[in-house]
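In my numbering, the protein residues as written are 5 to 165.
Reviewing the structure listed below.
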């Protein structure tokens, strides 16, 4: 059952990416959360996330922590990048909010509940999965912030020092 839920979670993430792209998440992210994101960043990041979802689903039966971490990533994304900004801005729509509420929350929670119900994971594993999911969610944001620092710029003038 965990593998089925993990595959559904990956499919939900694909639908989420479609919603974000179609409803212009890039400009929302720039205006509302001040994220210096380009469409190329969006495409690469979400390609990696979908690949992680496929890996998590394939590993769900033998390494359930992967599915739990992916579910935690979805829940962190839903709450901190869609629901809270929606609430903080007095109801300004966040592209991705529909799938975050209707897919990420129920599927992410279902993965966690199934792992606990089946004895696959206890509280400590769930907490670690959320730490992993939070780190995975933070990683591209940190990279976006770092890429404009002089040390990380790769233009020929700056590389020469």
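Glycine residues also receive a C-beta, built at the ideal position from the N, C-alpha and C atoms.
When the Cα of residue 27 is compared with those of 46, 105, 83, 100, which residue comes out closest? When each option's Cα is compared against that of residue 27, the closest is 100.
Buried or exposed, going by whether 16 or more other CB atoms sit within 10 Å of the CB of residue 159? exposed
Apply the 10 Å Cβ neighbour rule to residue 131 and answer buried if 16 or more other Cβ atoms are within range, or exposed otherwise. exposed
Whole-angstrom distance between residue 93 and residue 56, CA atom to CA atom: The alpha-carbon atoms of residue 56 and residue 93 are separated by roughly 31 Å.
Measure the CB-CB distance between residue 109 and residue 82 and report whether it falls below 8 Å. yes
Quick one: using the 10 Å Cβ neighbour count with 16 as the cut-off for buried, is residue 155 buried or exposed? Exposed, because fewer than 16 other Cβ atoms sit within 10 Å of the Cβ of residue 155.
Quick one: complete alpha helix (DSSP H) runs, 4+ long, within the segment 71-96? 88-92
Endpoints, the alpha helix (DSSP H) within which residue 5 is located: The continuous stretches of alpha helix (DSSP H) do not include residue 5, and DSSP gives it neither H nor E.
Burial state of residue 126 (16 or more Cβ within 10 Å): Counting the other CB atoms within 10 Å of its CB gives residue 126 a total below 16, which places it among the exposed residues.
What is the rounded straight-line gap between the Cα of residue 38 and the Cα of residue 141? C-alpha of residue 38 to C-alpha of residue 141: approximately 16 Å in a straight line.
Should the segment 56-69 be regarded as contacting the segment 9-19, the criterion being three or more beta carbon pairs within less than 8 Å? Touching, per the Cβ criterion.
Rounded Cβ spacing between residue 71 and residue 114 (contact assumed at less than 8 Å): Not a contact, Cβ separation roughly 11 Å.
Run the CB neighbour count on residue 66, radius 10 Å, all protein chains shown included, and call it buried at 16 or more, exposed below. By the 10 Å Cβ count, residue 66 comes out exposed.
Tell me the rounded alpha-carbon separation between residue 43 and residue 30. 7 Å
For residue 148, three-class secondary structure by DSSP: helix
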